[in-house]
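Let me begin by presenting the structure, written as C-alpha cells, before commenting on it.
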C-alpha cells in the first residue's frame, strides 16, 4: 500500500513542491512572470498608440522571440559550461537594468516604434541567456521522476500570472500609462534575484577542463543531430510556434479592431488565454498518462486552430475569450510536452544545449510566424491572417502522420561513471592526438544479424558523444573477427567521450559483449597517430597525464 501511495505521489502534478528549492524559485518566478506580462501589455499597447502599422505591432512579439532564436545555442553552451545559478543571476540583473532604462525613456516621452523594439529585443536577449540555465536547473532541483510535473508546474506558474497579469497590466496602462507598466516589471525581478542569490546548489566537481564555447556548441549540435527522437520534437515545435504565434502576435489588433476594445479588453483576453493554460497544466499529467505523445500534440494543434478561427470571426469579446481558453490549454500542453521530451531524452552534461536548440526551433518559429502573419494582416486584414494561420495549424496536426512524436523516454540517462583511465606507457598531454581506438570482437555466424543491428546503434552513440570516423570492419582471413574503429582529436576528447556514457548506453554495450565469443573480453587498442618524420613522431615514454 505504501508503494502504491508513493507511486501516485510521484505522478502527482504537485509532487515537485516537496522540494524546498523548487518551491522557492517557483514562487519568486511568479512575481517575475507577473511583471513580464505587465511589461508585454504595456509594450504591445504602446505600439498600437504610436503607429498604425499592423506588422510593427506584430513585431513587438517577434522582437522578444528573435533573440531566443539567435542566441539560445550560445546560452545553452554557457549553461552547461558555467554555473547555471550564476548565469541566471547575470541574466536577471541585465533584464532589470534594461527595464529601468525602458521605464525612464517611456516616462520622458522618448519612445519611438524602433526604440521600443530595441528595448524589447534587449529584454529578449536576457530571456535567451536565462532560459536554458533555468530549464536545465529544474533537473538540479527535483529528481528525474518529478521532472515532467515540475515542467508542467513551471508552465502553470507562468500562466497563473497570465490569467490575471495582463488584465492588471491593461488597468495600469489605461490609468497610469505604459511607463508605469514598465516600472512594475523592473520591480518584479527583485524577488527572483534574492532567491537565486541564496540558492547554493550541490554541483559535482568537474574532473575535466571546461570546453571552449565553440567546442561546447558543436557538441550540443552534434548530440541533437544524432538523436532522431529530439529531431522530431524540434520539427513539430517549430511548426507549432510558427502557426500558433499568430494568435498572441495579432491579439492587440483583435482587441482593437475586431471587438472594438481598449487595453483593458486586451488584458482580459490575455488573461483568458492564461487561465486556459493553467487548466491545461493541471490536466497535463493525467492526459500524459491517458494519451500518447502524438495524439496529445495533434489535439493541441487542432484546438489552437479552433481558437484562431473563433478569433477571426468573432466580434464579441466573450466569445473570443472562450476560444482563447481553449488556445491557452493547447499552448501549454504542446510546449510543456515538447520540453519534457527533450529533457528526458538528454543526459545532464548536454541538457542545457539541447533545450537551447529546442528553444531556437520554437521561438524561431514564433518570431518568423509573428512577422509573416503581421505582413498578411497588413495586406489582407487581421481576419484573413488568423484564418490562414488556423489552416496552417491543421496542416501541422497532419504532419504527425509523417513525423510522429516519440513516447516520453524512460531511459536511465544518469552518467555511468564506470570508465577508468588506462595506464599508458607514453607521456601524453591533454592535447596529444589524434587518438585511434580499435576494439576487436569475435562473433559467431548465428549472431551476425543481431550484432550488426546493435553496432549500428553503437556507432550512432559513438558519433553523438564526440567520436569521429567510426567504422566497422570484418577480417577477410578470419571472418569471425570484427573491428570497431573510431578517432578522437585529442586524448582529452577521448577521456571526455568515455565519461559521457550513460546507463542506457551501457545496455547496448552489454548486449554487444554478450555476443562476443572470445575467451577474453573484447580487446581494446588505443593508439596515437604520428607523422612520418622521426623528430615529430617522438613521444617521451612513461609519465603522468595531467588533465586539469
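Residue numbers (the numbering used here): 1 to 548. Ideal placement from N, C-alpha and C gives every residue a C-beta, glycine not left out. Since this is a predicted model, take the numbers as computed values, not measurements.
Take residue i as the anchor and find which of the options has the nearest alpha-carbon.
i           : options               : result
residue 343 : 392, 407, 315 and 312 : 407
residue 217 : 158, 309, 176 and 357 : 357
residue 398 : 209, 522, 516 and 300 : 300
residue 480 : 445, 519 and 503      : 445
residue 77  : 354, 376 and 450      : 354
residue 512 : 439, 526, 348 and 110 : 439
residue 585 : 182, 527 and 96       : No information on residue 585 is available, as it lies outside the stretch 1 to 548 that the chain covers here.
residue 39  : 426, 18 and 184       : 184
residue 161 : 268, 258 and 261      : 268
residue 467 : 482, 21, 491 and 453  : 491
residue 173 : 47, 54 and 318        : 47
residue 62  : 288, 371, 258 and 236 : 371
residue 475 : 507, 465 and 442      : 442
residue 73  : 394, 350, 152 and 236 : 350
residue 417 : 501, 362 and 389      : 501
residue 509 : 461, 525 and 290      : 461
residue 291 : 334, 54, 277 and 394  : 334
residue 369 : 464, 455, 239 and 525 : 239
residue 50  : 110, 101 and 79       : 110
residue 524 : 531, 421 and 146      : 421
residue 496 : 326, 419, 171 and 527 : 419
On the DSSP bridge list, what partners appear for residue i?
i           : result
residue 524 : 439
residue 272 : Answer is none; residue 272 lacks a bridge partner.
residue 212 : Paired residues: none, contrary to the question.
residue 51  : Bridge partners of residue 51: none, in fact.
residue 484 : 439 and 472
residue 516 : 443
residue 502 : 415
If contacts are defined as beta-carbon pairs under 8 Å, then residue i and residue j qualify, I think. What distance do you get, rounded to the angstrom?
i           : j           : result
residue 404 : residue 294 : 5 Å
residue 331 : residue 246 : 12 Å between Cβ atoms; not a contact.
residue 41  : residue 266 : 7 Å
residue 104 : residue 253 : That pair is no contact at about 28 Å.
residue 275 : residue 328 : 7 Å
residue 182 : residue 305 : Not a contact, Cβ separation roughly 34 Å.
residue 129 : residue 90  : 7 Å
residue 195 : residue 24  : 5 Å
residue 414 : residue 503 : 6 Å
CA-CA distance, residue i and residue j?
i           : j           : result
residue 494 : residue 191 : 43 Å
residue 554 : residue 429 : A query on residue 554 cannot be resolved here, the shown segment of the chain reaching from 1 to 548 and no further.
residue 15  : residue 224 : 30 Å
residue 263 : residue 124 : 23 Å
residue 450 : residue 489 : 31 Å
residue 364 : residue 423 : 48 Å
residue 337 : residue 297 : 8 Å
residue 28  : residue 458 : 44 Å
residue 470 : residue 285 : 41 Å
residue 543 : residue 34  : In this prediction, residue 543 has a pLDDT of 45, which is less than 50 and means its spatial position is unreliable; what the coordinates show is noted afterwards. Taking the straight line from one Cα to the other gives about 59 Å.
residue 52  : residue 256 : 11 Å
residue 158 : residue 228 : 30 Å
residue 241 : residue 311 : 18 Å
residue 215 : residue 433 : 16 Å
residue 175 : residue 389 : 34 Å
residue 347 : residue 313 : 46 Å
residue 230 : residue 382 : 34 Å
residue 17  : residue 142 : 9 Å
residue 362 : residue 339 : 10 Å
residue 464 : residue 486 : 12 Å
residue 515 : residue 448 : 9 Å
residue 140 : residue 505 : 22 Å
residue 394 : residue 319 : 21 Å
residue 20  : residue 92  : 21 Å
Taking 9 Å as the threshold (C-beta atoms), are residue j and residue i in contact?
i           : j           : result
residue 45  : residue 178 : yes
residue 84  : residue 133 : yes
residue 117 : residue 70  : no
residue 272 : residue 309 : no
residue 387 : residue 249 : no
residue 120 : residue 64  : yes
residue 280 : residue 155 : yes
residue 453 : residue 472 : no
residue 201 : residue 137 : yes
residue 385 : residue 529 : no
residue 270 : residue 251 : yes
residue 374 : residue 54  : yes
residue 37  : residue 126 : no
residue 307 : residue 326 : yes
residue 213 : residue 499 : no
residue 131 : residue 75  : yes
Taking 8 Å as the cut-off, is the beta-carbon of residue i closer than that to any non-hydrogen atom of the ligand ADP?
i           : result
residue 500 : The ligand content of the structure shown is nil, which means the ligand ADP is not present either.
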